Every structure is written in structure tokens, then in C-alpha cells.
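The sequence shown begins at 805 in the working numbering and counts up by one.
The beta-carbon is built from N, C-alpha and C at its ideal position, and this holds for glycine as well.
Source: prediction; values computed, not measured.
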Amino acid sequence: MKNKQTLLIVIAGLVVGCAAVVLTANGNPGNMGFCIACFLRDTAGALGLHRAEVVQYVRPEIIGLILGAFIMSVFSKEFAAKGGSSPMTRFVLGFFVMIGALMFLGCPLRMVLRIAGGDLNAVVGLVGFACGILCGVFFLKNGFTLKRTYTLNKLEGMWLQIIAAALLVVLVLVPSVLIFSEKGPGSMHAPLFLALACGLVVGMLAQKTRLCMVGGIRDAFLFKDFYLLYGFCAILVAALVGNLVMGKFNLGFAEQPVAFNDALWNFLGMALCGLASALLGGCPLRQLILAGTGNSDSAVTVIGMVVGAAFCHNWGLASSANGPTANGKIAVIVGFVVVICIALANMRKEKV
């Protein structure tokens, strides 16, 4: 049974890596076949939640991920509406996950895709990400908890799926009400239905295999269980081979697509993302997938990430290819303070 599960997650990882290469080859920005942080940011811009003209586009991949996870959970009878586990705390943690990710310019999934494209800045980010998760593991081992979840009515677990479906209808039938970038990363995208199809497939596979970068590193340290890491290793291999075949591999720190080469802030951005994600119990991809399966706490976390993305671009917190901003550096430092305070405040007290 264990070997069968391992084979399945490796196959899932290979499919995700291939899908990322296909999406990039068909219009998505370089090393950005999938990026939860970037795609939520672009979608927030398309809805008018921020004013950065170069990153505004409703990403069908996000819609596909949510609906794909929902379809698979219903098919496998794993859909379960539940929530009530410190929702506002999860909102704040999701907000700071996005602050860290947009400092680095990518979520953990894009970090792996950037490494597969030869971007050594992402290796620095990976080290920071692992260090952040290790800090989170320290708090988990010392009693951190966001308390239990509760069973809810089914509608409560379906609002994000309803919103995603409604957004798809708007995107297909009345796109004129949305905002679209005419230049920059937001103007670069694969054809709508190809992006949607890739999102649906990845959403279904991620739900079936529990694919999660944070969980992989956490489980490796806590339990010596490498199951989840196999999936991301497979993503790396598939994307690396695809980039080599297509001549898109560029080894180095400089001149990488949608990236900068300040090692300190690449490290700290992903360290904050890793720490907050570890306390949440999953990376941004995992939060989307859980939301698709009826977890309203994860849906609140996703909304926190969307709001975080809007703040990043309205307040000048997000990095660019030119590097991090002064406001962004302050936001990351504030993020560490807030997230550590949350961790300390939610440590389970030992009864005497």
C-alpha cells in the first residue's frame, strides 16, 4: 500500500511539473507555470483590489485548482464541510504568508519551478523556507495549536467553490467587467481553457495525494517520512527535463525571469512564508486544495492571502525584478514579530 501511494505521488509530481512547463511554453511568465501567490495576486488585481497595472488577470489555474479538488473530494467521498479553528488567526497568518511570498516573488511551488529553471536565487529561498518550517516545527513540538475544527453545514464548505465557479462564468461570458494587464507578467498567460484544464488536473491530483511542500519538509524532520517530498522532487525533475528540452534552463543568479538576486531578502521572504505556513499546517497550494474540499478555515486563509496580495501592491510591499522595497522589508520584519506572537499565544499550557 505504501509503495502504491509513493508511486501515485511521484506520478502526480511528474504531471504537475510537465503541466507547469506546458503552461510556460504557452504564454505564462518564465518559471511560473504555477504560482499560487502570483496567481492570487493577479486575480486580486483583475477584481480591482489593487492598482498595479502589470499584475492584473484572473488566473484560470486558481479556479481549476479549487474546482478540481472539489470534484475529486466529492468523487472519493472525502468532501467534508468543517471549520471554526481560529479563523481570524488563520486569516492573519495567510496575510503574512503572502507578504513573505511576494517578497521572494513566488510561492513554494514556484520556488521549485524556479530551481528547475536554473534560478539559484530560489535555492537561497529554499534554505530560508526550510529554516522557517523548522522554526514552526519547534512551536508544534512545544504545544502550538489552533484548536479543533467543527462539522458545519455543507453550504458553509462550498462558498469558495461557488465564488470560483462564478468567477469562471464572468471570465468566459463577461470579461469586460474585469481588469486585464496590457504589459508585464499579468499580460502573459496561457490560453484560458488550457490553463483551466491544467488547474483542474493538478487540483484533483493534489487532493488525492495531499501534495504539500510544507508538509513534506515538516514530516521529514518530525517523523522521517519523505512521502510528500517525493512529489516535489518529481515536480523538480519533470520541470528540469522540460526546461532543458525546450532550451529554457538558465543556471545562475542574474537575469532570471520575475526574480531578483538579493540573497538576504530572498531568504527572509521564504522563511516568513515557511514559518506561517507551518503554523497553518500547509503551503498555499495545500490551503487552496483543502478549501476546495470543504475546509472553511482554509478558505479564510486563502482570503487572507488575497487581501495580503492587495496590500502588497497598494502599499508598495511587493518586490520586483529590481529587488525588494523599503516598505516590503519593514513588512517582513513586522510579519516575523506578528507570527511569532501568534505562535507563543497559541502554545498549549501544561496543566499542573
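Supposed contact pair residue j and residue i - C-beta distance, whole angstroms, cut 8 Å
i	j	result
Ala850	Ala1114	About 12 Å separates the two Cβ atoms, so there is no contact after all.
Val928	Asn1070	5 Å
Gly904	Val1136	6 Å
Thr955	Lys1028	Thr955 to Lys1028, Cβ: 33 Å. No contact.
Val1062	Pro833	5 Å
Gly1139	Asn1054	No, Gly1139 and Asn1054 are not in contact; Cβ-Cβ is about 30 Å, not under 8 Å.
Ala1125	Gln1011	Wrong, their Cβ atoms sit about 34 Å apart, outside the cutoff.
Proximal residues to residue i (C-beta, below 8 Å), its chain only, five neighbours per side dropped
i	result
Val1142	Val896, Phe900
Ile937	Val1018, Ile1021, Arg1022, Phe1025, Gly1078, Leu1079, Ser1081, Ala1082
Ile866	Ile840, Phe843, Leu844, Thr847, Ala968, Gly1003, Leu1092
Lys987	Glu857, Val858
Ile1146	Thr893, Val896, Leu897, Leu1083
Thr953	Lys886, Gly887, Gly888, Ser889, Asn1099, Asp1101
His993	Gly831, Asn832, Tyr861, Arg863, Ala999
Pro891	Ser1100, Asp1101, Val1104
Val1156	Confidence in Val1156 is poor, its pLDDT being 34 and thus under 50, which makes the residue's placement unreliable; the coordinate value appears in the next sentence. Closer than 8 Å at the Cβ level, and outside the excluded window around Val1156, lies no residue.
Close beta carbons around residue i, own chain, < 7 Å, minus the five adjacent residues each side
i	result
Gly1127	Phe1064, Asp1066
Val1111	Phe899
Val819	Val1005, Leu1009
Ile875	Met1008
Asn1118	His854, Arg855
Phe1030	Ala1024
Thr810	Tyr1031, Tyr1034
Gly1056	Gly922, Leu924
Asn957	Ala885
Ser985	Glu857, Val858, Val859, Gln860, Tyr861, Ser991
Asn946	Met1151
Cys939	Leu1079
Proximity of residue i and residue j at Cβ, strictly below 8 Å
i	j	result
Leu909	Ser1123	yes
Ile870	Leu1009	no
Ser1100	Glu882	no
Cys935	Ala1058	no
Phe838	Leu917	yes
Gly1035	Ile813	yes
Ile1039	Gly821	yes
Asn830	Pro979	no
Ile1116	Leu964	The displayed chain sequence assigns Cys, not Ile, to residue 1116. For Cys1116 and Leu964, no; Cβs fall outside 8 Å.
Gly852	Ile983	yes
Ala884	Gly1108	no
Leu1089	Cys911	yes
Within-8 Å CB hit, residue i to chain D
i	result
Ser985	Here there is only one protein chain, and chain D is not present.
Closest Cα partner of residue i within the set the options
i	options	result
Arg1152	Cys935, Met915, Lys951, Gly831	Lys951
Ala1149	Val1049, Phe943, Pro864	Phe943
Leu1072	Val1006, Val974, Val825, Gly1132	Gly1132
Met902	Ala1147, Thr1105, Thr1129, Ala829	Thr1105
Phe948	Ser889, Gly990, Ser1102	Ser889
Val826	Gly1120, Lys958, Val1049, Ile875	Val1049
Met962	Met907, Ser1102, Gly817	Ser1102
Leu1015	Met836, Cys1087, Ser991	Cys1087
Tyr861	Val976, Cys1037, Asn946	Val976
Asn1047	Ala1001, Thr810, Ala920	Ala920
Ala1001	Ala824, Ser991, Asn807	Ala824
Gln1060	Gln809, Asn835, Ser985	Asn835
Ala1042	Leu811, Gln809, Ala816	Ala816
Ile1144	Val941, Lys958, Ala999, Leu998	Val941
Leu1094	Val878, Leu930, Ile1134	Val878
Asn807	Thr1013, Leu913, Lys958	Thr1013
Leu1068	Leu913, Leu930, Ser880	Leu930
Leu913	Ser880, Cys1037, Cys939, Gly1051	Cys1037
Spatial neighbours of residue i in its chain, beta-carbon cut-off 6 Å, leaving aside the 5 residues before and after
i	result
Leu972	Ile867
Thr828	Gly837
Gly990	Asp846, Val858, Val859, Gln860, Tyr861
Ala926	Met915, Arg918, Ile919
Gly1120	Thr1129, Asn1131
### alpha helix (DSSP H) segments (min. 4 residues) lying fully within the region 1005–1046
1017–1027
Starting from the N-terminal side, write out each stretch of the alpha helix (DSSP H) that is 4 residues or longer and does not extend beyond the region 938–1015.
-> 963–977, 996–1013
Unbroken alpha helix (DSSP H) runs of length 4 or more, entirely within the region 1100–1152: which are they? 1100–1118, 1130–1149
Alpha helix (DSSP H) segments (min. 4 residues) lying fully within the region 807–873: 840–850
| query | Curious, which full-length alpha helix (DSSP H) runs of at least 4 residues does the region 1058–1085 contain? | reply | 1067–1084
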